[in-house]
Amino acid sequence: MPDSIVCSPVSKMRFALRHSLLVAIFLAVGFAAPLQAYGPLGHEIIGAIADERLANTPTAAKIRALLNGMTLEKAAVIPDEIKGWDKKGVDDPKSFHYTAYRKIDMQLRDFWRANQPTHDPNSAMPSHHWFHYTDVPVVRLEKYTEGQAGRSRWDVVHMIPYCIEVLQGRVSEQNERKITKPIAIILLAHYVADIHQPLHVGAEYFDMQGQVADPDKDKSSLPDEGGNTFTLELSDDLPRSRGIHKKTFHGFWDYDAVNTLFPEVPKALRKNELQSQIEPLKKQLVHEMAAHEPRNWQMPANLEIRKYAEAWADEILPVAREAHQRLQFTNVHPLPEEDRVLAAGAAEEKPMPDHIAYRTWATNVVGEELHKAGWRLADLLEKALR
Numbered sequence: 344m345p346d347s348i349v350c351s352p353v354s355k356m357r358f359a360l361r362h363s364l365l366v367a368i369f370l371a372v373g374f375a376a377p378l379q380a381y382g383p384l385g386h387e388i389i390g391a392i393a394d395e396r397l398a399n400t401p402t403a404a405k406i407r408a409l410l411n412g413m414t415l416e417k418a419a420v421i422p423d424e425i426k427g428w429d430k431k432g433v434d435d436p437k438s439f440h441y442t443a444y445r446k447i448d449m450q451l452r453d454f455w456r457a458n459q460p461t462h463d464p465n466s467a468m469p470s471h472h473w474f475h476y477t478d479v480p481v482v483r484l485e486k487y488t489e490g491q492a493g494r495s496r497w498d499v500v501h502m503i504p505y506c507i508e509v510l511q512g513r514v515s516e517q518n519e520r521k522i523t524k525p526i527a528i529i530l531l532a533h534y535v536a537d538i539h540q541p542l543h544v545g546a547e548y549f550d551m552q553g554q555v556a557d558p559d560k561d562k563s564s565l566p567d568e569g570g571n572t573f574t575l576e577l578s579d580d581l582p583r584s585r586g587i588h589k590k591t592f593h594g595f596w597d598y599d600a601v602n603t604l605f606p607e608v609p610k611a612l613r614k615n616e617l618q619s620q621i622e623p624l625k626k627q628l629v630h631e632m633a634a635h636e637p638r639n640w641q642m643p644a645n646l647e648i649r650k651y652a653e654a655w656a657d658e659i660l661p662v663a664r665e666a667h668q669r670l671q672f673t674n675v676h677p678l679p680e681e682d683r684v685l686a687a688g689a690a691e692e693k694p695m696p697d698h699i700a701y702r703t704w705a706t707n708v709v710g711e712e713l714h715k716a717g718w719r720l721a722d723l724l725e726k727a728l729r
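Per this note's numbering, the sequence shown starts with residue 344, numbered consecutively.
So this is what it looks like as structure tokens:
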């Protein structure tokens, strides 16, 4: 992984520190800590990298004013946190509040009310869940605009430029989606991370016989929800303790592949102990990633920022395709869920010509994508807030 980073001129000692840190991160895999404690970790890392990149700049001052002092590291996890309102709604007396940021709390509640959860693709009100992903088929290598299946006007590729236009004043803050400038920053801090996660962009589809299908040709094919409905077994998995369920394919990429960045942390710790141990390691990783430029992170100078999301989706789609090609899908069957039917089954690691274990390959991908996403978030906000 270190050879994927183009270093700025720094001392050999500093490079050695970074090199030893990243080698430990990307080679010492297989020691992932429990999922629940690390759920927001990837988003926090990306937000914190952007915080460091923007420190002491006019952009940082604008963000601080709009977010009432909230950091991008904190803002980056909020779009997932507010899913906690889905079950009983934001008006339930027991619903949580962002009490330290009362104005933003009210705006977040307005945003949730305007984008309530639904599975109906024809709903006049889009679900805020839709904004986090797009499901471009990976059955063949294609770009975002080269097909129709899995895309929508409310997917992450469309919502990133929508939020940019709110920040630029091209879209009024009095819009139907209730995305104000503070909410736009919060959403961008999260969505820029999502679009750098392969399974938030690419998905596999299956026919009724459980075979991989092209949904642009077979309209009855079933989506795998970005891997959420498939369990995953890897060659280096440790035996599961009683009561521990198999991880999902999507969950591995959201959690496990990020957790392996911190193999030093013991697994058998309580949540507060995990957080106290992970915090200094996270800060060290963030500092190193913020200080050293990732390879190929910049967009072409003539590409307007409203087109960045589409370019990022096109960039990650081959990775999403490989993330599926390295697995064998078995026991694929229709899964009725509420008012829809999905494909479900099992995914197992299969031997590859490069002899690289899936976990090792995925961890290298995640490290590189977190690094790029942090720099890109900072760059995007600087340009959008000029």
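Glycine included, C-beta positions come from ideal geometry on N, C-alpha and C. All figures in this text were calculated on a predicted structure; none of them were measured in a lab.
| Query | Result |
| --- | --- |
| Assumed close pair A633, E416 - CB separation to whole angstroms, cut-off 8 angstroms | Not confirmed; about 12 angstroms, so no contact. |
| 3-residue-minimum beta strand (DSSP E) runs that sit fully inside the region 621-673, ordered along the chain | none |
| DSSP three-state assignment for Y381, whether helix, strand or coil | Caution applies to Y381, whose pLDDT of 34 falls short of 50 and renders its modelled position unreliable; the value that the coordinates give is listed next. In this structure, Y381 counts as helix in the three-state DSSP scheme. |
| Beta-carbon contacts of H386 that lie in its chain and below 8 angstroms, excluding the five residues immediately before and after | A419, V420, D423, A532, H533 and A536 |
| Inter-residue Cα distance where the pair is A644 and K726 | 12 angstroms |
| Opposing strand residues paired with E680 [DSSP bridges] | R683 |
| Reduced DSSP category for Y505 - H, G, I as helix; E, B as strand; rest coil | helix |
| Where F605 falls: helix, strand or coil (DSSP) | coil |
| Contact check, I341 vs L410, beta carbons under 8 angstroms | No answer is possible for residue 341: the residues shown for the chain start at 344 and end at 729. |
| Alpha-carbon to alpha-carbon, A403 and A443 | 19 angstroms |
| With 16 other Cβ atoms within 10 Å as the buried cut-off, status of L510 | buried |
| Cβ contact (3+ pairs, closer than 8 angstroms) linking the region 469-483 and the region 539-554 | yes |
| Proximity below 8 angstroms, CB of Q620 to CB of V608 | yes |
| Those runs of the beta strand (DSSP E) which lie wholly inside the region 554-591 and span at least 3 residues | 573-576 |
| Rounded Cβ spacing between W734 and I503 (contact assumed at less than 8 angstroms) | With the chain represented from 344 up to 729, any question about residue 734 goes unanswered, as that position is not in the structure. |
| Burial state of E711, where buried means 16 or more other Cβ atoms lie within 10 Å | buried |
| L531: first and last residue of the uninterrupted alpha helix (DSSP H) it sits in | K524 to D537 |
| CA nearest to the CA of V629, picked from L660, W718 and L678 | W718 |
| Short Cβ contact (8 angstroms threshold) for L542 with A666 | yes |
| C-beta atoms of L507 and I648 nearer than 8 angstroms | The amino acid occupying residue 507 in the given sequence is Ile; Leu does not appear at that position. Yes. Within cutoff. |
| 8 angstroms Cβ cutoff met for D567 and L685 | yes |
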